[in-house]
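Chemist:
2 protein chains.
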Amino acid sequence: MINDSQVVNAAFRGSFEPALIEEINRIGIYQEVEEGEYLIRPGSYIRSVPIILSGSIKIMRPDAAGNEALLYYLSGLDSCAISMTGTPDNKPSEITAIAEEKTRLIFIPVEKVDEWICRFPTWKQFVFRTYQRRFDDMIATIDSIAFQKLDERLLTYLKKKTQSCQCTVLQITHEEIAREMATSREVISRLLKQLERVGYLRLSRNKIEIL
Amino acid sequence: MINDSQVVNAAFRGSFEPALIEEINRIGIYQEVEEGEYLIRPGSYIRSVPIILSGSIKIMRPDAAGNEALLYYLSGLDSCAISMTGTPDNKPSEITAIAEEKTRLIFIPVEKVDEWICRFPTWKQFVFRTYQRRFDDMIATIDSIAFQKLDERLLTYLKKKTQSCQCTVLQITHEEIAREMATSREVISRLLKQLERVGYLRLSRNKIEIL
DNA sequence: GCGGTTCCGTGATATATGTCACACGGGCGA
DNA sequence: TCGCCCGTGTGACATATATCACGGAACCGC
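If you're matching them up, the sequences are chains A and B in order.
Position one of the first sequence corresponds to residue 2 (the working numbering), numbered consecutively onward.
Position one of the second sequence corresponds to residue 2 (the working numbering), numbered consecutively onward.
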């Protein structure tokens, strides 16, 4: 049986200095969430920053009309830049975070994020790399929405999805894809069918197998 | 005649502690750019971070096919978060920064950005607020592209534009708007005409007057 | 004033995407 | 086993946006 601190140690060794790992073990709150569980809902206040140990989390942006747009995925050793910055003004969150699969993470209180920056060089590096990655992700998202047609977007969507879950069989409904891409189910069904005809994937109920 | 350090002092007094202002005066490189001038082009390397003293800068994202998408504007006391993070891996920039009008700014070498974070609390605060603002901007951009129809997008575009230049008369061509919104000139012309009929604005050559 | 250039207005048409309506089939609980 | 719900496939149609093809108006240099 693996306990929390072993998991943390294994995940961070090599990235963080020992004193920092110890601090994380002491302060961080370990948590496991199941697939589909919400970590953040719009309107809630973010008081701590999650670091993903294993699994993956998807970050979405809902709009007033009930649509959503996928911003990016978080997986191993990623963290959510929005939650680092989201708090200073004490504004509530404007995003949604949902576990894509069973996910283990550790929460660090925001004050500590700040405090550690000057105490641990590797932490500062981590925080900045996190920002940079999330910026790159957001730019990629904008690229995709602004420049690509739906069929291309669907392809990049499927690619990212398989990357983030590290498998070729997606357990997902057309409806859900449509929601994440802010379009309608029928359109996705048609495009998927098209991709199946071309031999890019195989469809069945609740399942898409990439070839 | 105003000299550089007076400008800098006036801009930063109240936001930064005196020691930091002095440091900025000593290290930062003051520069003025004219309207239309490029600060960053895709492919160039970013070795220093600009802080805008007055004027405004627009940050765009070009794609391979020659289209562009507007990411956000920078104006008084803003800074570009991408340039803070853009350097760690020594990757070239993937964005474009263009002066919207005559703009005064001061460049801080990236190493100093990093160093000052632990030395000056107000600087750390500044850096984090910058990140947060840019994140919010990017999310607003995604909202607009993902959820709004072109006519609404055009409205929000015009609003932001007037905000950033602080005036109601925009010196701009339909072609340029189209490029920034990644669509075509005819479409923008039609939509603008529509807005004129509704009495929202008045059109003339190279000029849009918001009412 | 003249010729060229840039910007703008607008019809006609093409294409992509969104919406509606409905049928089919599989799973699953009563 | 029956009925029902959910996910899917698909035609027909509505709408939004892109593209093409012009013509005309404003401006600029000569």
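C-beta: ideal position from N, C-alpha, C; glycine also.
Quick caveat, the model's predicted, so the values are computed rather than measured.
If you run the structure through DSSP and keep just helix, strand and coil, what is R154(A)?
Modeler: DSSP places R154(A) in helix when its eight states are reduced to three.
Chemist: Are there 16 or more other CB atoms within 10 angstroms of the CB of Q133(A), so buried, or fewer, so exposed?
Modeler: Burial call: buried.
Chemist: Output yes or no for whether 8 Å exceeds the beta carbon distance between S49(B) and I109(B).
Modeler: Taking 8 Å as the Cβ cut-off, S49(B) and I109(B) qualify as a contacting pair.
Chemist: Apply the 10 Å Cβ neighbour rule to T162(B) and answer buried if 16 or more other Cβ atoms are within range, or exposed otherwise.
Modeler: The question names Thr, but residue 162(B) in the sequence shown is Lys. Counting Cβ neighbours within 10 Å, K162(B) comes out buried, since at least 16 surround it.
Chemist: Among I143(B), K194(B) and M85(B), which has the Cα closest to the Cα of L71(B)?
Modeler: Ranking I143(B), K194(B) and M85(B) by Cα distance to L71(B) puts I143(B) first.
Chemist: Please tell me whether S16(A) has its Cβ less than 8 Å away from any Cβ of chain B.
Modeler: Chain B contact via Cβ: absent.
Chemist: Against chain A, does M61(B) count as a neighbour if the rule is that its beta carbon must be under 8 Å from one of theirs?
Modeler: Cβ-Cβ to chain A under 8 Å: no for M61(B).
Chemist: In the DSSP assignment, find the unbroken alpha helix (DSSP H) run with A141(B) in it and report its ends.
Modeler: That run of the alpha helix (DSSP H) goes P122 to F148.
Chemist: Could you check how far apart the C-beta atoms of K59(A) and E102(A) are, in whole angstroms? I think they sit under 8 Å.
Modeler: Actually they are not in contact, since the Cβ atoms of K59(A) and E102(A) sit about 10 Å apart, beyond 8 Å.
Chemist: Going by other Cβ atoms of all chains shown within 10 Å of its Cβ, with 16 needed for buried, is M2(B) buried or exposed?
Modeler: Any reading at M2(B) must be qualified, since the residue scores a pLDDT of 39, below 50, and its modelled position is unreliable; the value itself is stated next. It is exposed - the Cβ of M2(B) has fewer than 16 other Cβ atoms within 10 Å.
Chemist: Could you check the C-alpha separation between S84(A) and P43(A) for me, to the nearest Å?
Modeler: C-alpha separation (whole angstroms): 12 Å.
Chemist: If the criterion is Cβ atoms closer than 8 Å, does the pair L151(A) and I209(A) meet it?
Modeler: Contact flag unset, no.
Chemist: Would you report the Cα separation of R14(B) and L21(B), rounded to the nearest angstrom?
Modeler: Going from the Cα of R14(B) to the Cα of L21(B) covers about 10 Å.
Chemist: Would you say T97(B) lies against chain A (beta-carbon separation less than 8 Å)?
Modeler: No, T97(B) does not count as interfacial toward chain A.
Chemist: Expressed to the nearest angstrom, what Euclidean distance is found between the alpha-carbon atoms of L196(B) and L202(B)?
Modeler: Answer to the nearest angstrom: the Cα atoms are 6 Å apart.
Chemist: Go through the stretch 13 to 66 of chain A residue by residue and report every complete run of the beta strand (DSSP E) that reaches 3 residues or more, in order.
Modeler: Fully enclosed beta strand (DSSP E) runs of 3 or longer: 30 to 34, 39 to 41, 49 to 55 and 58 to 63.
Chemist: Nearest to I189(A) by alpha carbon, out of Q167(A), L159(A), S165(A) and S45(A)?
Modeler: For the residues Q167(A), L159(A), S165(A) and S45(A), the minimum Cα distance to I189(A) belongs to L159(A).
Chemist: Restricting to Cα atoms, I'd like to know which of M61(B), I211(B) and Y73(B) is closest to S165(B).
Modeler: Among M61(B), I211(B) and Y73(B), the Cα nearest to that of S165(B) belongs to Y73(B).
Chemist: State yes or no: is the C-beta of L155(A) within less than 8 Å of the C-beta of L106(A)?
Modeler: No, the Cβ-Cβ distance between L155(A) and L106(A) is not below 8 Å.
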